[in-house]
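Working notes for the structure below.
There are 2 protein chains.
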Amino acid sequence: MESIVEILSQYSDKFNKDLETYFPRCEGIQYRAFDAMRYSITNGGKRLRPFLLTKSSELFGVDYKSSLGASIALELIHSYSLVHDDLPCMDNDDFRRGKPTCHKQYDEATAVLAGDGLLTYAFEILSNSCIEDKKKIKLISLLSKLAGAREGMIAGQVLDLFTESNIYIDKKEEIIRQTQALKTGCLLKYPCICGCILGDGSKKEEETLTKYADNIGLAFQITDDILDVIGDEKIVGKTLKKDEKQNKLNFVSIYGVEKAQKQALRLIEEAIEVIDYFGTNSCEFKLLAKYILDRKY
Amino acid sequence: MESIVEILSQYSDKFNKDLETYFPRCEGIQYRAFDAMRYSITNGGKRLRPFLLTKSSELFGVDYKSSLGASIALELIHSYSLVHDDLPCMDNDDFRRGKPTCHKQYDEATAVLAGDGLLTYAFEILSNSCIEDKKKIKLISLLSKLAGAREGMIAGQVLDLFTESNIYIDKKEEIIRQTQALKTGCLLKYPCICGCILGDGSKKEEETLTKYADNIGLAFQITDDILDVIGDEKIVGKTLKKDEKQNKLNFVSIYGVEKAQKQALRLIEEAIEVIDYFGTNSCEFKLLAKYILDRKY
Chain A
7 MESIVEILSQ YSDKFNKDLE TYFPRCEGIQ YRAFDAMRYS ITNGGKRLRP
57 FLLTKSSELF GVDYKSSLGA SIALELIHSY SLVHDDLPCM DNDDFRRGKP
107 TCHKQYDEAT AVLAGDGLLT YAFEILSNSC IEDKKKIKLI SLLSKLAGAR
157 EGMIAGQVLD LFTESNIYID KKEEIIRQTQ ALKTGCLLKY PCICGCILGD
207 GSKKEEETLT KYADNIGLAF QITDDILDVI GDEKIVGKTL KKDEKQNKLN
257 FVSIYGVEKA QKQALRLIEE AIEVIDYFGT NSCEFKLLAK YILDRKY
Chain B
7 MESIVEILSQ YSDKFNKDLE TYFPRCEGIQ YRAFDAMRYS ITNGGKRLRP
57 FLLTKSSELF GVDYKSSLGA SIALELIHSY SLVHDDLPCM DNDDFRRGKP
107 TCHKQYDEAT AVLAGDGLLT YAFEILSNSC IEDKKKIKLI SLLSKLAGAR
157 EGMIAGQVLD LFTESNIYID KKEEIIRQTQ ALKTGCLLKY PCICGCILGD
207 GSKKEEETLT KYADNIGLAF QITDDILDVI GDEKIVGKTL KKDEKQNKLN
257 FVSIYGVEKA QKQALRLIEE AIEVIDYFGT NSCEFKLLAK YILDRKY
């Protein structure tokens, strides 16, 4: 049996080839932001979100190609959020996956515009995808909500940036969970719900996938926080121990590494139990859940 | 007969009331970007784009309410572009319409996120609007293209920022026109085409409205450049003579004020002639064209 690393790597090879067709090389200074968009999106991401979208669609008999537009759009939204988060006025990161961040490779203005461009292009691609109109509208509505400033990713980034670290200790866990649920959880939940929308899944199936997504999302953030403390900078590909230096709240700063690891393990075990609802079709979902726990980057 | 200033002011009063319903006040630090979005969008804009969208829709019997979602979405895109353009890494403006720009009132990170939020919210509002699915998809596709980095507004902002001022003199006009067509032209063309999409206008009707939009768009930019040189800072509400200081290419720097004024006049005369195609229904379009020429801010 293939390992999940091989499965993910085969998937991302295929996905990356399709992704490239959306980013033809164009000559001329007016394409500087479009260039920077290509640079940022082809930056070697794990493609976890499109993978989840493809797999949740397959659960309902919707194939890779039929859901591709939605997968590409989602990865563009994820990519834009990284480009903007890396900006000097936000997390001020110089490296992402071992390569200079967009504003280091280009400049700040171009990075702002490239992020804007990726976000805008996501909706262009989704609106032009080969999905039936009614479902397309649902996907656009859900994506914009989950990426948005009221109930979505942007609200999570706001919390991450503006939560004071000197809040009451018993409030801390609640705030971190809320931050995670919005900042990273929303865009992991979206691909799982997408499959249900595309393939007319039942309410129960949607709830099951949502629960799975919530669990792996939280576990993902906890392992991220653990890697920030004990990870290898060369493997992770970005500057580590930043939260500590900035005295930022995170799961490790509250619980310590060991307890955080245990919590992540419990979440993953629960995710695996929940997704077992889909029987033999849940195999890759289970492998992915384990991978999130064991990943080194 | 009412003056266009009165008509616009009545329209924007009504529009602003509807706009506010999309921005309820929410308590909590996670709504900081959403707050900044409200601050930016309620910053006293002229609402020219929604006005054009409403009027072009009315040409085809589509009323204010039926096109409202599209109008709101468009104004949000326009507003996001101003918030990001004002950032220190772009045009670095401290004032907009006499009030502190978003990053001055809040901070840079919040301004980036508020821009992202407005852009994302535009698609959420459009996707949830009471427009039939097929047309909604068309509107989303067109809006994302015209606001985008390849053929839209973002490419125009790139040109505006990165065109070297020392290019060949005979290339200058071409570049300025291209910059304008992308940067401001696209979002003035969009509302005119919207009416045709919503009301099933003919190819000829779409071409007519597009030609009108192209002309008033270019004239709008020329008068902007003229106001930058001879305008009253208190009335215009932003720092003037910036292009001159930054040695930026614009219509006045090439032609001088008088020739630029003549060119704007010719464009407006042509716009009025073109829109006469719609007979008595073109009255407000004609008044708006004249207003663009005569405006003091």
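Protein sequence lines, in the order shown, are assigned to chains A and B.
In this text, residue positions in the first sequence follow the working numbering: the first is 7, and each later residue adds one.
In this text, residue positions in the second sequence follow the working numbering: the first is 7, and each later residue adds one.
For each residue, glycine too, the CB sits at the ideal point set by N, CA and C.
Keep in mind that this is a model prediction, so the values were computed, not measured.
Check: Which partner residues of Phe226 of chain B appear in the DSSP bridge assignment?; Outcome: Paired residues: none, contrary to the question.
Check: If you reduce the DSSP assignment to three classes, tell me which class Pro106 of chain B lands in.; Outcome: strand
Check: For Phe66 of chain B, which of helix, strand or coil comes out of DSSP?; Outcome: coil
Check: Give, in chain order, every residue of the region 23-38 of chain A whose Cβ lies closer than 8 Å to some Cβ of chain B.; Outcome: Cys32, Ile35, Gln36, Tyr37 and Arg38
Check: Between Phe29 of chain B and the ligand NAP, is there a pair consisting of the residue's CB and a ligand heavy atom that are separated by less than 7 Å?; Outcome: Looking for the ligand NAP in the displayed structure turns up nothing, as the structure carries no ligands at all.
Check: Check whether the region 188-205 of chain A and the region 144-154 of chain B are in contact - that is, three or more C-beta pairs closer than 8 Å.; Outcome: no
Check: Taking a cut of 7 Å between CB atoms, which residues from the region 124-147 of chain B lie near chain A?; Outcome: Leu125, Thr126, Tyr127, Phe129, Glu130, Ser133, Asn134, Asp139, Lys140, Lys142, Ile143, Ile146 and Ser147
Check: Give the C-beta separation of Ile35 of chain B and Phe168 of chain A to the nearest angstrom, bearing in mind that I take them to be a contact with Cβ-Cβ under 8 Å.; Outcome: 5 Å
Check: Measuring only between beta-carbons, confirm whether Glu211 of chain A sits less than 8 Å from chain B.; Outcome: no
Check: Could you pull the DSSP bridge partners for Phe101 of chain A from this structure?; Outcome: A:Pro106
Check: Just to confirm the assignment, what range does the alpha helix (DSSP H) spanning Lys296 of chain A have?; Outcome: Cys289 to Asp300
Check: Round the Cβ separation of Asn221 of chain B and Ala277 of chain B to the nearest angstrom and send it over; I've been treating them as touching at under 8 Å.; Outcome: 4 Å
Check: Determine the direct distance from the alpha carbon of Asp122 of chain B to that of Thr214 of chain B, and round the result to whole angstroms.; Outcome: 33 Å
Check: If I follow the unbroken alpha helix (DSSP H) through Met96 of chain B, where does it start and stop?; Outcome: Per DSSP, Met96 of chain B belongs to no alpha helix (DSSP H) and is neither H nor E.
Check: Going along chain A in order, which residues have a C-beta closer than 7 Å to the C-beta of Leu167 of chain B?; Outcome: Ala115
Check: Does the structure place the region 12-26 of chain A close enough to the region 128-144 of chain B that three or more beta carbon pairs sit under 8 Å?; Outcome: no
Check: Please list the partners that Val89 of chain B has in chain A, where partner means a Cβ-to-Cβ separation under 8 Å.; Outcome: Chain A residues near Val89 of chain B: none, gap ~10 Å exceeds 8 Å.
Check: Determine contact between the region 255-274 of chain A and the region 228-236 of chain A, defined as no fewer than three beta-carbon pairs at a distance below 8 Å.; Outcome: yes
Check: List, in order along the chain, the chain A residues whose C-beta lies closer than 7 Å to that of Ala76 of chain B?; Outcome: In chain order: nothing, as chain A lies at least about 14 Å away.
Check: Could one say the Cβ of Leu119 of chain B lies closer than 8 Å to chain A's Cβ atoms, at least one of them?; Outcome: yes
Check: For Lys248 of chain A, is the classification buried or exposed, using 16 other Cβ atoms within 10 angstroms of its Cβ as the cut-off for buried?; Outcome: exposed
Check: Could you give the distance in angstroms between the alpha-carbon of Arg272 of chain B and the alpha-carbon of Asp97 of chain B?; Outcome: 30 Å
Check: Work out the CA separation of Arg31 of chain B and Asp41 of chain B for me, nearest whole Å.; Outcome: 7 Å
Check: Work out the CA separation of Met43 of chain B and Ala120 of chain B for me, nearest whole Å.; Outcome: 5 Å
Check: Which chain B residues sit within Cβ distance under 7 Å of Ala79 of chain A?; Outcome: Neighbours of Ala79 of chain A on chain B: none; closest Cβ ~10 Å, over 7 Å.
Check: Reducing DSSP to helix, strand and coil, say where Pro30 of chain B ends up.; Outcome: coil
Check: Where in the region 113-198 of chain B do unbroken runs of the alpha helix (DSSP H), each at least 4 residues long, occur, reported from the N-terminal end onward?; Outcome: 114-133, 139-152, 159-168 and 175-186
Check: Would you please verify whether the beta carbon of Gln16 of chain B is less than 8 Å from any beta carbon of chain A?; Outcome: no
Check: Apart from the five residues just before and just after Ile182 of chain A, which ones in its own chain have a Cβ nearer than 8 Å to its Cβ?; Outcome: Leu255, Asn256, Phe257 and Ile260
Check: In three-state DSSP terms, what is Arg53 of chain A?; Outcome: coil
Check: Measure the alpha-carbon distance for Ala128 of chain B versus Glu8 of chain A and round it to whole angstroms.; Outcome: 43 Å
Check: Starting from the C-beta of Lys296 of chain B, find all residues in its chain whose C-beta is less than 8 Å away, skip the five residues before and the five after it, and write them out in chain order.; Outcome: Ile10, Ile274 and Ile278
Check: Just reading off the alpha helix (DSSP H) that Gln36 of chain A is part of, what are its end residues?; Outcome: Taken as a continuous stretch (DSSP letters only), Gln36 of chain A belongs to no alpha helix (DSSP H), as it is neither H nor E.
Check: Please report the straight-line C-alpha distance between Ala187 of chain B and Cys95 of chain B, rounded to a whole angstrom.; Outcome: 23 Å
Check: Are the CB atoms of Thr126 of chain A and Ile160 of chain B within a distance shorter than 8 Å?; Outcome: yes
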